[in-house]
Amino acid sequence: MRNVLYWAGSLGMVGLLGLMAYLCLSTLGVLPKAFPQRRAPAPAGTAPLGFGEALAWAFAALAVQWAAALLAQGIVAGGLAGFWEGFWQRFTTAGDSPHYLYLAQYGYAAAEDKRNLIVFYPLYPLLIRLLGGLLGGRYALAGLAISQGCWAAAAALFRALAGRRLAPGGARAAAAAFLFYPFSFFALGVYTEGLFLLLSVGCLYALERRWWGLAGLAGLLAALCRTQGLALVFAAGYAVLAAGWRPRKGGGAALWAVAGPAAGYGGYLALNWAVHGDAFRYLYYQSIEPWYQHAAWFGDNLAQQYGMAVEYPGLARYIYIPQLVVYFVAVAALGYLYWRGVCHTAAVYSTAYFGMSYLSSWLISGGRYMFGCIGIFLALGALPKAPRRLLLAAEAGLLLLYAVYYRQGQAIM
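Heads up: the sequence shown at position 205 corresponds to 205 in UniProt numbering, and the numbers run straight through without jumps.
Below is the structure:
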């Protein structure tokens, strides 16, 4: 089985990277055109999302997650008694949440026991610090407010993005798939998911509209939020080429869209230098206890995850099996996205994002990370009605299942 996973995973990723490269080269005219990009029929592809519908999707995003949290509480505890205590404990004191709250209060300390917190990017804790100060030092409350507000806005913006490339029914299905992703409940807590989704989807939407300055700003902030923000460099590069930019033709504003995410990552490296005197110090701390992560080939990482599932069967259903399943779902979904020509910018971004997420050895948060691989949801929206309804029902069931596991305190990270 390890060999099967190694070769299937390797070939799947190489295939996606090949599709991305072919698309870019065909856009430059080096190779014949392939995968013609589709635009939704009017009015979905031409009219912006109305304020009322945008507000409805924002409300729905929060309603779905809160409903999952409440149902999970009822299943685990037999009622809603103690809901707030349990919610607060799971979403503000578990996983990475305490690290973000520490950074919001104290910054990147030079004390030996906190030096490894440089692995966490600065934008989210900075925003928590700013809002927490306005709330009288209630940093956990600030973190929850930022995450949930950004998640609601990201859902509305994703619906607008989907509406530019899918018919109305498909756009609604894609947005619903986004909301019902099995690990989307992390958007409620003190994690970067909500903020990063708002910035990354915002960048892609701006690229679609050719708002280069706004795309560059959103990309810069996304790259100050998470490593995968760098994937927006690839999306912006493709969008700029597809818009007709070529060397010696000017168009400096368009290049800012590409430079923005790179500048954001450069800012994070500058923070490493300022705190530790080494621009890449975070890589050292990622490689040691408690993360033990370094870059490794995709097939090797999948084989390792299978080995961990066999060695630790009690963790398999919470960590390793979902990561393996999501990997191959992503390969199939992104391949379909290229073939259907739904949204090339999102396809390029999602391929780069997917590769960056699964390049890490000892991965334990793959399910959560892939929440940001939005091409998966666009691909579902491009499916015929019957299969997309089945997949949405499966997603909803899995969301409730993993919300229950998370409420139980299982190792879902």
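We treat Cβ as the ideally placed atom computed from N, Cα and C, and that holds for glycine.
Is it true that the CB of residue j sits closer than 9 Å to the CB of residue i?
{"i": "V190", "j": "L157", "result": "no"}
{"i": "W151", "j": "E193", "result": "yes"}
{"i": "T227", "j": "M308", "result": "no"}
{"i": "A68", "j": "S97", "result": "no"}
{"i": "L195", "j": "S147", "result": "yes"}
{"i": "L204", "j": "A346", "result": "yes"}
{"i": "A263", "j": "L199", "result": "no"}
{"i": "C373", "j": "A330", "result": "yes"}
{"i": "Y6", "j": "G366", "result": "no"}
{"i": "G170", "j": "G341", "result": "no"}
{"i": "Y406", "j": "A77", "result": "no"}
{"i": "L16", "j": "Y338", "result": "yes"}
Which class does residue i belong to by DSSP, given the choice of helix, strand or coil?
{"i": "A295", "result": "strand"}
{"i": "S360", "result": "strand"}
{"i": "T27", "result": "helix"}
{"i": "K114", "result": "helix"}
{"i": "I412", "result": "coil"}
{"i": "Y139", "result": "helix"}
{"i": "F180", "result": "coil"}
{"i": "G45", "result": "Caution is warranted here: a pLDDT of 44 is assigned to G45, below 50, making its placement in the model unreliable, and no coordinate value can be reported."}
{"i": "R2", "result": "helix"}
{"i": "A379", "result": "helix"}
{"i": "C225", "result": "coil"}
{"i": "V258", "result": "helix"}
{"i": "F280", "result": "coil"}
{"i": "K385", "result": "helix"}
{"i": "V190", "result": "coil"}
{"i": "D300", "result": "helix"}
{"i": "Q37", "result": "coil"}
{"i": "Y405", "result": "helix"}
{"i": "F120", "result": "coil"}
{"i": "G50", "result": "coil"}
Roughly how many angstroms separate the alpha carbons of residue i and residue j, rounded to a whole number?
{"i": "Y284", "j": "H276", "result": "11 Å"}
{"i": "Q323", "j": "I376", "result": "15 Å"}
{"i": "L23", "j": "Y238", "result": "9 Å"}
{"i": "residue 414", "j": "S10", "result": "Since the first residue shown for the chain is 1 and the last is 413, residue 414 is missing from the structure and cannot be characterised."}
{"i": "N301", "j": "S350", "result": "19 Å"}
{"i": "A206", "j": "I128", "result": "26 Å"}
{"i": "F35", "j": "Y336", "result": "10 Å"}
{"i": "P384", "j": "A333", "result": "14 Å"}
{"i": "A187", "j": "A242", "result": "33 Å"}
{"i": "M413", "j": "P32", "result": "43 Å"}
{"i": "Y102", "j": "F183", "result": "24 Å"}
{"i": "A155", "j": "Y318", "result": "26 Å"}
{"i": "G45", "j": "A167", "result": "Residue confidence for G45 is low, a pLDDT of 44 falling below 50, so the modelled location carries little weight; the figure read from the coordinates is stated next. Cα-Cα distance, rounded: 8 Å."}
{"i": "Y292", "j": "Y268", "result": "21 Å"}
{"i": "G149", "j": "L55", "result": "12 Å"}
{"i": "V233", "j": "Q105", "result": "31 Å"}
{"i": "V14", "j": "L131", "result": "43 Å"}
{"i": "A270", "j": "R159", "result": "35 Å"}
{"i": "A394", "j": "G314", "result": "23 Å"}
{"i": "L255", "j": "A235", "result": "12 Å"}
{"i": "G52", "j": "A175", "result": "16 Å"}
{"i": "Y124", "j": "C225", "result": "6 Å"}
{"i": "A109", "j": "R115", "result": "6 Å"}
{"i": "A42", "j": "H344", "result": "Because the pLDDT at A42 is just 47, under 50, the model does not fix this residue reliably, and the point stays unresolved."}
{"i": "E289", "j": "G12", "result": "31 Å"}
{"i": "L378", "j": "M370", "result": "14 Å"}
{"i": "L391", "j": "A173", "result": "10 Å"}
{"i": "L230", "j": "G216", "result": "12 Å"}
{"i": "Y121", "j": "N272", "result": "10 Å"}
{"i": "G107", "j": "L117", "result": "9 Å"}
{"i": "G95", "j": "I364", "result": "11 Å"}
{"i": "R368", "j": "L70", "result": "20 Å"}
{"i": "M20", "j": "I321", "result": "27 Å"}
{"i": "Y197", "j": "G136", "result": "At residue 197 the sequence reads Leu, which differs from the Tyr that was named. Going by the C-alpha atoms only, they are around 27 Å apart."}
{"i": "L398", "j": "R388", "result": "15 Å"}
{"i": "I75", "j": "A218", "result": "39 Å"}
{"i": "L401", "j": "F83", "result": "17 Å"}
{"i": "G29", "j": "G244", "result": "11 Å"}
Our contact map puts residue i next to residue j with C-beta atoms below 8 Å; I'd like the distance itself, whole angstroms only.
{"i": "S361", "j": "Q304", "result": "6 Å"}
{"i": "T92", "j": "G143", "result": "7 Å"}
{"i": "A223", "j": "Y265", "result": "5 Å"}
{"i": "V119", "j": "Y282", "result": "5 Å"}
{"i": "A58", "j": "A153", "result": "6 Å"}
{"i": "F180", "j": "A386", "result": "Between A386 and F180 the Cβ distance is about 17 Å, and since that is not below 8 Å, they are no contact."}
{"i": "W212", "j": "A253", "result": "5 Å"}
{"i": "Y358", "j": "Y327", "result": "6 Å"}
{"i": "F185", "j": "Q65", "result": "5 Å"}
At a threshold of 8 Å, does residue i count as lining the ligand MN (C-beta to nearest heavy atom)?
{"i": "L49", "result": "Looking at this structure, you won't find the ligand MN or any other ligand, since it has none at all."}
Hey, is residue i's beta-carbon within less than 9 Å of any beta-carbon in chain C?
{"i": "R165", "result": "Of the protein chains in the structure, only one exists, and it is not chain C."}
Practice task
Taking only runs that begin and end inside the stretch 315-376, name each unbroken alpha helix (DSSP H) of 4 or more residues, in chain order.
Solution key: 321-340, 344-357, 366-369
Problem - In chain order, each beta strand (DSSP E) run of at least 3 residues that lies wholly inside the stretch 63-94 - result: none
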